[in-house]
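S.K.:
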Amino acid sequence: MASTLTKPAPASAGTASARRRTRVLALPEARWALAALVLFLIGLPLDLLGAPAWTWGPLFAATYLTGGWEPAWEGLKALKDKTLDVDLLMVVAALGAASIGQVLDGALLIVIFATSGALEALATARTADSVRGLLDLAPTTATRLLGDGTEESVPTGDLVVGDVIVIRPGERVGADGRVIEGASEVDQATITGEPLPVVKEAGDEVFAGTLNGTGALRVVVERDASDSVIARIVRMVEEASETKAPTQLFIEKVEQRYSLGMVAATLAVFLVPLAFGAELTSALLRAMTFMIVASPCAVVLATMPPLLSALANAGRHGVLVKSAVVMERLGQVDAVAMDKTGTLTEGTPRVTAVRVLSTASSDQYEREHEPHESRAAQDRLLALAAAAEHPSEHPLARAIVQAAHARGQQLAPAQDFGSTPGLGVTATVGGDLVEVGAPARLLRGAEGASSARAAAVAGDLEAEGHTAVLVRVNGVPAGVLGIADRLRPDAAATVAALTGLTGTPPMLLTGDNPRAAARLAADVGITDVRAGLLPQDKVAAVQEQEQAGRKVLVIGDGVNDAPALAAAHTGIAMGRAGSDLALETADAVIVRDELTTVPTVVALSRRARGLVVQNLVIAGVFITALVLWDLLGTLPLPLGVLGHEGSTVLVGLNGLRLLREAAWQRAAADADHQARPASTSASRTRATSEPVARPGR
């Protein structure tokens, strides 16, 4: 799945990930379930067409054996611990049905439970694969600097606190530590989610698994490999996944009580008539009839078809919900936490503002020039910057070049190209020396009105949430480019819909800087902004809400979001840009990155839960009526089977209503209806705020 949903990963990581991925048929549960299903499907038409028993009997017997031996064995082991497992009860019910001639019903029950067990085993194995694969982010070896100045290659696990390691251009950082020499730009999106590489100089912290840029660094190790941020992410995912156990504990308690009740009731139905002189055959028939009509098949189908139908419908619309349990949990959420980069935004930096500088003030410049002349000046500035940046592989450089191409600019060849990590690039374009880089560094020590004006414009852009890039021509500031990660078109509508569905606006949890986060939050209508977070900080924010009694839905895309996705009541990952770990840890995946499907699938889940309640009422009425008939009167076995199977079919068909296209459309309408009050408020907020990008200013 991850290979089809994610962008290409580095070869080494991708290969390791592929090797670690568990195949479905590698699981014994899956092999036994498949064998039971195939045998059942072969025997089913033979039985329905009235073929001799010797043709279908062995097939159904093999179905019982292949699909039922494992739950029966686990149930017997549970009995040793004085625990009665519901799976064992279902095997007994299936055998009981077979003993009075209802072989088909028993075989179907066996197939259902074997398939459910296989799916659970697969989900567990795939999550374990992804957690182990996260360790591939960190390199296996590092270059350690010895006291005499020589270097040696050592396993990263052998590094100790105080060691000095050398990180060359393009290498991954081998350990958490602090830069003591050198300057470079490090892509640490896997840890913080920041969309752009971060300048690292002496005194700055770096993390294992992050990717170094074009500079060389010397780093002193500050944490053992077992205590690195990457290792802690792995532990947090594993621990948070286990914290979902309370729901399972509740289910197990219900199963235990139901199992004990069924056994006691069946024995009573068999033994009490015998005590009053009833015939053995009559008492046995009544007991077997009771076991059939009281079996939970209708209850199981009361729950599963609505949820599975909603799951299939969501899948057709680009939302991969991993299980029926997840579909049910989605409708329970009452709080939402969202990542910024790659979730609310597209995750790709783009030029969003072009500010041309002149000797006059910006307002005077705009009054003295016609709009088409201002546009021409912007184009010239952008073309110069793009020509200088064209040889660079930096993400900001690619954004500038892409913006120039989008405006139809022909780039002049650049000569004498040079790049300094943390500073920018220089090149000769058309005989002019062009410098493109960080304003704070290019303007360091510069004086004069033009430099002051450039610093002011850069400060304004940064205050609006942009990354400012200064362009100097022959030593004179010519303009400032604003670069930002573009907001998804449907972000504001999604936030408004989720606000309406849950009653509170979502939280924004991001590793990005506070100014950029606050600006984006204002644009989409989010007021609770938490920026500069590491993965453990996101988990803490989610746990804070959970401890307050909220059921939190987390939406994210990166490795840094995985612990929060696991800790949340429900987690949803963005499919196209999502990391393998996020996709495997999340309970659902938005395959096409259409944010508006999130509130729709929440509304669909609530509709499914409503149908579950309807079905449980129907199933409960049928089971109660049939059981009372069997206990107080004489329920003929064929009529009992007919009533039991009829209720099962009825609740199944009722649940399948959510397969229709109209069900998705009604859920979307529900989400849209909830969004209107919130979106009106958000639009008022945006109307009073300054636009993100105003070309020509």
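Just so we're aligned, residue 3 is where the sequence shown starts under the working numbering, counting upward by one. Glycine is no exception: its CB is placed at the ideal position from the N, C-alpha and C atoms.
#1: Quick one: measure Cβ to Cβ for A96 and G108, integer angstroms, because I've assumed they're closer than 8 Å.
#2: Which two residues bound the contiguous beta strand (DSSP E) that contains P157?
#3: Note the first and the last residue of the continuous alpha helix (DSSP H) segment covering D632.
#4: Taking the alpha-carbon positions, what's the R532 to A38 distance?
#5: Starting from I44, trace the alpha helix (DSSP H) both ways and give me its first and last residue.
#6: Mind listing, in chain order, the continuous beta strand (DSSP E) runs of no fewer than 3 residues lying wholly within the segment 271-350?
#7: Among A339, S186, Q412 and D674, which residue has its Cα nearest to the Cα of K553?
#8: Could you spell out the range, first to last residue, of the alpha helix (DSSP H) harbouring Q104?
#9: Using alpha carbons as the reference points, say which of T501, P275, K202 and G410 lies closest to L634.
#10: Quick one, which of F209, A64 and V93 has its alpha-carbon nearest G77's?
#11: Let me know the secondary structure DSSP gives N515 once reduced to three states.
#12: Does DSSP put F419 in a helix, in a strand, or in coil?
#13: For T268, decide whether its Cβ has a neighbour in chain D, counting only Cβ atoms nearer than 9 Å.
#14: Does G560 come out as helix, strand or coil in the three-state DSSP assignment?
#15: Using the three-state DSSP reduction, which class does N214 fall into: helix, strand or coil?
#16: Are the segment 566-581 and the segment 467-474 in contact at 8 Å, needing three or more beta carbon pairs?
#17: May I ask you to list the residues that DSSP assigns as paired with T430?
#18: What three-state label does DSSP hand S186 in the structure shown?
#19: Between which two residues does the beta strand (DSSP E) carrying L148 extend?
#20: Assuming contact is defined by CB atoms lying nearer than 9 Å, are V222 and V166 in contact in what I supplied?
#21: Would you call R446 buried or exposed, if buried means 16 or more other Cβ atoms sit within 10 Å of its Cβ?
#22: Closest to L700 by CA distance: which of T305, G184 and T636 is it?
#23: Who are P479's beta bridge partners in DSSP?
#24: Any contact of the segment 180-189 with the segment 203-222, i.e. 3+ C-beta pairs under 8 Å?
#25: For R288 and V301, which I take to be in contact (beta-carbon distance under 8 Å), what is that distance rounded to the nearest angstrom?
#26: May I ask you to verify whether the segment 497-506 touches the segment 594-611, counting CB pairs closer than 8 Å and requiring at least 3?
#27: Would the segment 448-461 count as touching the segment 419-434 if we require 3 or more Cβ pairs under 8 Å?
#28: Reducing DSSP to helix, strand and coil, say where K79 ends up.
#29: Do the segment 399-415 and the segment 348-356 touch if we need at least three Cβ pairs shorter than 8 Å?
#30: So the candidates are H407, V482, V591 and I169; which of them puts its Cα closest to the Cα of L147?
#31: For D226, which of helix, strand or coil comes out of DSSP?
#32: In this structure, does DSSP put R377 in helix, strand or coil?
#33: Just to check my reading of the structure: A218 and P171 have Cβ atoms closer than 8 Å, yes? What is that Cβ distance to the nearest angstrom?
#34: Who are the near neighbours of T158 in its chain, counting only those whose CB is closer than 8 Å to its CB and skipping five residues on each side?
#35: If contacts are defined as beta-carbon pairs under 8 Å, then V189 and T212 qualify, I think. What distance do you get, rounded to the angstrom?
#36: Rounded to the nearest angstrom, what separates V295 and A570 at their Cα positions?
M.R.: Quick answer:
#1: With 8 Å as the limit, A96 and G108 qualify as a contact, their Cβ atoms being about 3 Å apart.
#2: E153 to P157
#3: If you look at D632, you'll find it in the alpha helix (DSSP H) that goes T599 to L634.
#4: Taking the straight line joining both Cα atoms gives about 51 Å.
#5: P30 to L50
#6: With a minimum length of 3 residues, the unbroken runs of beta strand (DSSP E) contained wholly in the segment 271-350 fall at 321-323 and 337-340.
#7: Of the listed residues, the one whose Cα sits closest to K553 is A339.
#8: It is not in any alpha helix (DSSP H) - Q104 carries neither H nor E in the DSSP assignment.
#9: Of the listed residues, the one whose Cα sits closest to L634 is P275.
#10: The shortest Cα separation from G77 among F209, A64 and V93 belongs to V93.
#11: coil
#12: strand
#13: Protein chain content of the structure displayed is limited to a single chain, and chain D is not contained in it.
#14: coil
#15: strand
#16: no
#17: Q417 and L435
#18: strand
#19: Element bounds for L148: n/a, residue is neither H nor E.
#20: yes
#21: exposed
#22: Outside the shown range of the chain, which is 3 to 699, sits residue 700, and nothing can be said about it.
#23: R474, per the DSSP bridge assignment.
#24: yes
#25: Incorrect: roughly 22 Å between the Cβ atoms, too far for contact.
#26: yes
#27: no
#28: helix
#29: yes
#30: I169
#31: coil
#32: helix
#33: 6 Å
#34: A140, P141, T142, T143, A144, G176, A177, A210 and A227
#35: The displayed chain sequence assigns Asp, not Val, to residue 189. Confirmed, Cβ separation roughly 6 Å.
#36: 39 Å
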